[in-house]
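In this note's numbering, the protein residues as written are 62 to 426.
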Amino acid sequence: MRKGGEITGFAQVVKPYVLRHGPATALNASSDVSESLQNLILQHCNISTFLRHYLDRNITADDLSIYRGLTPQKAIMDMLCSMSRSIDPRRLWKLTTEESKSVNDQPRVRVLKANVDTLKIYVMGLPLETSQRELLNEKQRARAQLKRVKLDQYKQEQPVIDSERQLSGGIINEDVKNALEGIKYMTPEHLTLIDAILTLPGRTWEAEQQRRINAMNAVTKYCGVEEGSWFFRQHNLQGPTTSASVQIGRQLSQPQPRIHEAIQIVMADKRPTICFLCLQNPALPESQRVSQFKRPGELTRHFERKHLNKFQGLNCILCQVTLQTLSQLMLHAETKHGTVTRNSKYRILCNSPHPSAVYKGQLSQ
C-alpha cells in the first residue's frame, strides 16, 4: 500500500479502505445498479453515507458539452479524472544502488556498525541481535528520510523545469530523445514524427499553420515506413570447417568456466550468494552447483538447513582443509567463504561459546 501511494504521488499513504472509493463511484455511475443494490453491496444503511464520504467533490462530467447540447466526451473525461493521470514515471519511488549505499556513511550508522562489529568478536546471543536490529532499523530510517528529501526536491524543482521547457518551445527534452534513439525498433522517421507532433501551438497564425503542415508531412512520410525489426536470423548453410572442429575440441578440453567463476565468488572477502559446499559436490548438476541466491541471508538459511542440521565430517576441497566438528565448519565458512551463521541453536551444538578457540586449538595440534 505504501508503494502504491509513492507511485501515484499521493501525499498520504494509500490504505485498503481508500480503495473502496473507486468501486463505489463505479457502482453509483452504473445504470445497472440501483440505489438499494448499491447500499447492499457497500453495506450502507442509506445513500447519505455515500454522498458524505464517497462522492467525489471534483466535477468529473463534461459539463461544457452538456450546456452546449453536444454529446459528452466521456472517455476523455474518465482519462482526465483517473488516478493514472497523477502517475509521473519520472517521480522517484525508490533509491538507486549508490544512493542506498550512501546511508552507510552517516555518523549514526557508523556508530551502530562499529558496535555490531565489536559484539561479533566478544559477545553472542541477545545483545548482538539487538544491536543488529538497531542497525537495520537505522538504515531503513535513513533511506526513508533520503527518499522523502529527494521527493520534496523533485516536487519543487521539476514543475519549474517543465514550465521553462514548454516556454522555450520544446516538449521532449534531450534525455527522452536519447532514450528513444537507443531503442532498436525506433526508426529515424518515427523520431521525426514524434518531434513534429509533440510541439506547442504557434504564437501567430502563420506559425500555427506551418506547425500543422510539418506534422502532416511527418505523418505522410511515416506511412511508407515498414515497422518491425530490421535484424533477421542468418542461417549458416556451410558445413563445419576444420578450424571449427579444433575450436570445439579446445572448448571441451577446458574446465567449466561457470564453475571457475563461482569459485572466485565464494573465495572473495565479501559475503557471497553461492554455497561453497554445494559447489564442491560433483554429484550435483552444474546448475545446482553454481546456483545463486538473491541475498546472503537466503544462503545462510540454506547452509543451516542442508549442511549444519545434518552435519558430518567433510573436506573443503577448495581450501584443502579437513573439517571434523561443527565448530570448525562454521568458523571456516565464515572466515574463508563469507557464509555467516548467527543462529544460537548451532552455537549451542558446538558445545562451546567461542568455536574459534576450539578451531584454532585443533589446528595447532
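Where is the CB? At the ideal position from N, CA and C, for every residue including glycine.
- Where C377 is concerned, the enclosing beta strand (DSSP E) starts and stops at 375 to 377.
- Listed in chain order, the beta strand (DSSP E) elements of length 3 or more contained wholly in the stretch 355 to 397 are 375 to 377, 382 to 384.
- By the Cβ criterion, the stretch 110 to 117 is in contact with the stretch 79 to 97, since at least three pairs of Cβ atoms, one from each stretch, lie closer than 8 Å.
- Here Q349 carries a helix assignment [DSSP, helix/strand/coil].
- Going by DSSP, I102 is part of the alpha helix (DSSP H) stretching over 96 to 103.
- Excluding sequence positions up to five before and after D123, its CB lies within less than 6 Å of the CB of P133, Q134, M138, all in the same chain and listed in chain order.
- In this structure, DSSP gives I120 a state outside helix and strand, which the three-state scheme calls coil.
- For I274, the uninterrupted alpha helix (DSSP H) run begins and ends at 266 to 284, by DSSP.
- Contact between V172 and V164 does not hold, since the beta-carbon distance rounds to 13 Å and is not under 8 Å.
- For the options L340, K367, R152, P168, the alpha carbon positioned closest to that of K200 is the one of P168.
- In the assembly as shown, G358 is an exposed residue. Its beta-carbon has fewer than 16 other beta-carbons within 10 Å.
- About 6 Å separates the CB atoms of L254 and V280; that is less than 8 Å, so the two are in contact.
- Taking the C-beta atoms as reference points, K174 is found nearer than 8 Å to L196.
- Only buried fits L387, as 16 or more other CB atoms lie within 10 angstroms of its CB.
- Looking at the DSSP output, I335 sits in a beta bridge with Q353.
- In the structure shown, Y115 falls within a coil segment according to DSSP collapsed to helix, strand and coil.
- In the structure shown, the three-state DSSP call for N342 is coil.
- Going by beta carbons, F337 and L379 fall inside the 8 Å limit.
- Assigned with DSSP and collapsed to three states, G263 falls in coil, not helix or strand.
- Here R151 is exposed, its C-beta having fewer than 16 other C-beta atoms within 10 Å.
- Bounds of the alpha helix (DSSP H) holding R171 are 168 to 183.
- By the neighbour-count criterion, in which a residue is buried when 16 or more other Cβ atoms sit within 10 angstroms of its Cβ, R129 is exposed.
- C-alpha of D213 to C-alpha of I222: approximately 15 Å in a straight line.
- For the 8 Å CB-CB criterion, R362 and L189 do not form a contact.
- Annotated as proximal: L153 and Y215, with beta-carbon spacing under 8 Å.
- Note on geometry: alpha-carbon atoms of S143 and D149 lie some 13 Å from one another.
- In this structure, DSSP gives S109 a helical state, which the three-state scheme calls helix.
- For I102, same chain residues with a beta-carbon under 8 Å away, outside a window of 5 residues either side, are L88, V94 in chain order.
- A straight-line Cα-Cα distance of about 40 Å links Y183 and E347.
- DSSP places R129 outside both helix and strand once states are collapsed to three, so it counts as coil.
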